[in-house]
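**Student:** Heads up, the sequence shown is in my numbering, so the first residue is 1 and it goes up one at a time.
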Amino acid sequence: MAAEVNEFIMIDIQATAQTKARYNRIAGIFDFLEWLMERRAKAWRRQLWESIGPGEILEVGIGTGKNLPFYPEGGKICGIDLSNGMLTQARRRADRDGIDLDLREMDVQELDFPDGSFDAAVATFVFCSVPDPILGMQELARVVKPGGKIVLLEHVRLDHPLAGWLMDCINPLVVRMVGANINRRTVDNAKRAGLVLESVVDMAANGLVKLITARPYK
Ligand SMILES: C[S@@+](CC[C@H](N)C(=O)[O-])C[C@H]1O[C@@H](n2cnc3c(N)ncnc32)[C@H](O)[C@@H]1O
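(1) Helix, strand or coil: which one does DSSP assign to residue 1?
(2) Under a three-way DSSP split, which group does residue 134 fall into?
(3) Tell me whether residue 134, by its Cβ, gets closer than 7 Å to a heavy atom of ligand 1.
(4) Do three or more CB pairs link the segment 186 to 199 to the segment 26 to 35 at distances below 8 Å?
(5) I need the boundaries of the alpha helix (DSSP H) containing residue 176, first residue and last residue.
(6) DSSP three-state label for residue 118, please.
(7) May I ask whether a heavy atom of ligand 1 can be found less than 7 Å away from the beta carbon of residue 23?
(8) Would the beta-carbon of residue 124 fall within 8 Å of that of residue 93?
(9) Taking contact to mean 3 or more Cβ pairs, one atom from each stretch, closer than 8 Å, check whether the segment 176 to 190 and the segment 120 to 140 are in contact.
(10) Grouping DSSP H, G and I as helix and E and B as strand, with all else coil, what is residue 37?
(11) In angstroms, rounded to a whole number, what distance separates the CA positions of residue 3 and residue 17?
(12) If I follow the unbroken alpha helix (DSSP H) through residue 93, where does it start and stop?
(13) For residue 25, write down the residues that DSSP places opposite it in a beta bridge.
(14) Considering only heavy atoms of ligand 1, does any lie closer than 7 Å to the CB of residue 126?
(15) Have a look at residue 85 and residue 162 and give me their C-alpha separation to the nearest angstrom.
(16) Expressed to the nearest angstrom, what Euclidean distance is found between the alpha-carbon atoms of residue 1 and residue 107?
(17) Between the C-alpha atoms of residue 145 and residue 115, what's the straight-line distance to the nearest angstrom?
(18) Does ligand 1 have even one heavy atom less than 7 Å from the beta-carbon of residue 86?
(19) Going by DSSP, which residues form a beta bridge with residue 198?
(20) Report yes if the C-beta distance between residue 24 and residue 49 is below 8 Å; otherwise report no.
(21) Between residue 158 and residue 98, how many whole angstroms is the CB-CB distance? I'm expecting something under 8 Å.
(22) For a test of your reading of the model: does the CB of residue 186 fall under 7 Å from any non-hydrogen atom of ligand 1? Yes or no.
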């Protein structure tokens, strides 16, 4: 059976298990694989976290914990990830840097938190790999308090016709290798999820990386 159905949600169990297995497989070398991109990404991460105030904050798809150095003063952070391997790396980093962190293995498509639990939710380079990104974003809107903030830093499909087509062509290969889709239309997905977009900022000159700030629809 490929999907789990209940009254509210439908999750592709097979795709989710594959995503988890892929990230478990690369967890130990993830930081090495991304070291070049990370040289640019640090400034993007800093800019994102400067917009987040103190309070209860949810980071989804925390990965190996690359955002830890940028967490705001007074922020009580809960980090979740589908991959226990990635969480192990995040735990190591938090212990090494003396950062207090509540880490949990969880699927963003089915968050185990009551409605309105958080002042803000953050995801960096996550919705490229979540099997159903719209479901995941709807979950963020559910667990963030009315008036709270949802901030996403994501690489997206380029609008340029040829570049977009090329991204579509090589996407299956990239997914198999590192678990990330390079052709997601994440701004459209956020709208389709019902998020109220406040701003979409191009972080890279070609529009490849976007900082999306939104409010839940409540
Ligand atoms: C490309 S990595 C990014 C990690 C980290 N946010 C960063 O900026 O380096 C994507 C992360 O999203 C996690 N992920 C993918 N699908 C998920 C899901 N459905 N629920 C929670 N985490 C998920 C993966 O396990 C992985 O750790």
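Note that beta-carbon positions come from the ideal geometry of N, C-alpha and C, so glycine has one too.
Predicted model only: the values in this text are computed from it and were never measured.
**Tutor:** Per the coordinate set shown:
(1) Note that residue 1 has pLDDT 39, beneath the 50 cutoff, so the model's placement of it is unreliable and the number below is only indicative. In the structure shown, residue 1 sits in coil (DSSP, three-state: anything other than H, G, I, E or B).
(2) Helix at residue 134.
(3) For residue 134, the CB stays at least 7 Å from every heavy atom of ligand 1.
(4) Contact between the segment 186 to 199 and the segment 26 to 35 is absent: fewer than 3 CB-CB pairs across the two stretches fall below 8 Å.
(5) Boundaries of the alpha helix (DSSP H) harbouring residue 176: 161 to 178, taken from the DSSP string.
(6) If DSSP states are grouped into helix, strand and coil, residue 118 belongs with the strands.
(7) Yes, Cβ of residue 23 sits closer than 7 Å to a heavy atom of ligand 1.
(8) No, they are not a contact pair.
(9) Flag = yes, the segment 176 to 190 and the segment 120 to 140 touch.
(10) Note: residue 37 maps to helix in three-state DSSP.
(11) Confidence in residue 3 is poor, its pLDDT being 48 and thus under 50, which makes the residue's placement unreliable; the coordinate value appears in the next sentence. If I take the Cα positions, the gap works out to 11 Å.
(12) From DSSP, the alpha helix (DSSP H) with residue 93 extends over 84 to 97.
(13) By DSSP's assignment, residue 25 forms no beta bridge with any residue.
(14) Residue 126: yes, Cβ under 7 Å from ligand 1.
(15) Straight-line measurement puts the Cα of residue 162 at about 36 Å from the Cα of residue 85.
(16) Because the pLDDT of residue 1 is 39, which lies under 50, any placement of that residue in the model is unreliable, and the question is left without a value.
(17) So the two alpha carbons sit approximately 7 Å from each other.
(18) For ligand 1, a non-hydrogen atom lies closer than 7 Å to the CB of residue 86.
(19) In the DSSP output, where bridge partners are listed per residue, residue 198 has none listed.
(20) Cβ distance not < 8 Å, so residue 24 and residue 49 don't count as in contact.
(21) Rounded, the Cβ-Cβ distance is 40 Å, inconsistent with contact.
(22) No, the Cβ of residue 186 stays beyond 7 Å of every heavy atom of ligand 1.
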